[in-house]
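Numbering (my numbering), first residue to last: 87 to 170.
A virtual CB, placed ideally from N, CA and C, is assigned to each residue, including glycine.
As the structure is a prediction and not an experimental result, all values here were calculated from the model.
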C-alpha cells in the first residue's frame, strides 16, 4: 500500500468515526491493517535507524502517524468507556 493510499484509507476511517459517534466499537481489522501498513512504510523509510524513531515533522510519514494517532485515541476513548 502506498503512503497516499494509506492516508486516504485512514482519513476515511477517521471521518466515519466522526460521523458515527453512536458506534462505539471500532473495526479493529481495519485499524490493524492500517498500523501494519504504516509499520511497513516506516521500516522502508528507515525510521528504526533514527535516534528518536519518529519521522521528520511535516513529512508525509509524519502525516500518516498523525492520522493513526487519531484512530488510536478513538480506540483508547472507547476502552475507557468500557472499563468499569
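Closer than 6 angstroms by C-beta to residue i: which residues in its own chain qualify, once you throw out the five before and the five after it? Chain order, please.
i           : result
residue 103 : 160
Using only CA atoms, which one of the options lies nearest to residue i?
i           : options            : result
residue 88  : 131, 109, 140      : 131
residue 125 : 144, 97, 108, 148  : 148
residue 123 : 141, 96, 101       : 96
residue 90  : 155, 114, 120, 109 : 120
Between which two residues does the alpha helix (DSSP H) holding residue i run?
i           : result
residue 118 : 114–130
residue 144 : Unbroken run through residue 144: none, as it is neither H nor E.
Suppose the cutoff is 8 angstroms on Cβ atoms and the five residues either side in sequence are ignored; what does the same chain contact list for residue i look like?
i           : result
residue 140 : 133, 148, 151
According to the neighbour-count rule (16 or more other Cβ atoms, all chains shown, within 10 Å of its Cβ), is residue i buried or exposed?
i          : result
residue 99 : buried
Answer with yes or no whether the minimum CB distance from residue i to chain B is below 8 angstroms.
i          : result
residue 97 : Looking for chain B here will not work: only one protein chain is present.
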